[in-house]
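Count along the sequence shown from 1, add 58, and you get the number used in my numbering. Cβ coordinates follow ideal geometry from the N, Cα and C atoms, glycine included.
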Amino acid sequence: MHLLPVRFDHPDAVKLNDLVQAEYTERYGDGDVTPLDATMFDPPRGIYLLAYDDAGRPVATGGWRAREAADGYADGDAEIKRMFVVREARGRGLARRILARLEESAREAGRARVVLETGTMQPEAIGLYESSGYLLLDEAEKFGAYRDSPSSRCFFKALKAAQPL
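1. In chain order, what are the residue ranges of uninterrupted alpha helix (DSSP H) at least 4 long that sit wholly in the stretch 61-89?
2. By how many angstroms is the C-alpha of Leu195 removed from the C-alpha of Pro181?
3. For Tyr110, which beta-bridge partners are listed by DSSP?
4. Just the C-alpha distance for Asp111 and Thr176, rounded to the nearest angstrom, thanks.
5. Taking 8 Å as the cut-off, decide whether the C-beta atoms of Lys139 and Leu94 are in contact.
6. Can you list the alpha helix (DSSP H) stretches of 4 or more residues lying completely in the stretch 107-184, in chain order?
7. What residues in its chain sit with their C-beta under 6 Å from that of Asp133, if we drop five residues either side in the sequence?
8. Since Leu107 contacts Leu61 with CB under 8 Å, what's their CB separation in whole angstroms?
9. Does the separation of the CB atoms of Thr119 and Phe99 fall below 8 Å?
10. For Arg115, count neighbouring Cβ atoms within 10 angstroms of its own Cβ and tell me buried if that reaches 16, exposed if not.
11. Any idea what DSSP makes of Ser207, helix, strand or coil?
12. Taking DSSP's pairing of strands, which residues face Gly104 in a bridge?
13. Can you look up Leu24 in the DSSP assignment and give me helix, strand or coil?
14. Cα-Cα, which of Arg123, Arg65, Pro63 is closest to Thr92?
15. What is the rounded straight-line gap between the Cα of Asp67 and the Cα of Asn75?
Dropping the structure here:
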């Protein structure tokens with residue numbers, strides 16, 4: 059797998075975003091309505107990654123964007139968005155590798171914690187996040203567009219400061 063930082067509006071990112079939206083529709087009846095634009099993932103306030111297989115096909119994505127205190131977020135948050143692996147590439151650890159790289163990038167950018175939202179119809183995502191050290195926020199601490207949805211699950215993970223070289 060080759061991980062490359064790209065803009066959220068890169069043609070391959072758009073292609074995989076369309077696939078993840080279709081999967082959300084399949085699982086939940088509609089796509090993710092969270093407002094996103096390409097500039098939200100521009101460094102140093104974010105990053106968007108695409109994973110390519112050895113044949114050069116885009117097979118996975120994930121990004122983070124800086125968030126500050128509002129709508130349930132805290133100053134210094136890095137919100138994970140659009141974690142997705144195409145069906146034929148699942149089970150190979152791609153999501154875990156992308157998540158680790160996103161955490162590393164957020165830490166390097168000085169973010170204090172990583173937050174993310176997923177849903178009850180994505181048990182494999184919940185398993186990934188819990189096994190990666192993410193903790194479930196209580197109902198009063200939920201954030202984002204789905205904070206009032208009963209199927210929404212919001213997670214966080216504190217980031218340790220990067221060690222000086």
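So, to answer that:
1. Here the runs fully enclosed are 69-86.
2. The alpha-carbon atoms of Pro181 and Leu195 are separated by roughly 17 Å.
3. In the DSSP output, where bridge partners are listed per residue, Tyr110 has His60, Pro116.
4. The alpha-carbon of Asp111 is positioned some 25 Å away from that of Thr176.
5. Yes, the Cβ-Cβ distance between Lys139 and Leu94 is below 8 Å.
6. Scanning the stretch 107-184 from its first residue to its last, the whole alpha helix (DSSP H) runs of 4-plus residues come out as 152-166.
7. Sequence-distant Cβ neighbours of Asp133 in its own chain, meaning closer than 6 Å and more than five residues away, are Glu126, Ala127.
8. The beta-carbon separation of Leu107 and Leu61, rounded to 5 Å, stays under the 8 Å limit for a contact.
9. Not a contact, by the Cβ cut-off of 8 Å.
10. Looking at its Cβ environment, which holds fewer than 16 other Cβ atoms inside 10 Å, Arg115 is exposed.
11. Coil, per DSSP.
12. Looking at the DSSP output, Gly104 sits in a beta bridge with Arg123.
13. Only positions 59 to 223 of the chain appear in this structure, which leaves residue 24 out of reach.
14. That would be Arg123, whose Cα lies nearest to the Cα of Thr92.
15. Approximately 10 Å between the Cα atoms of the pair.
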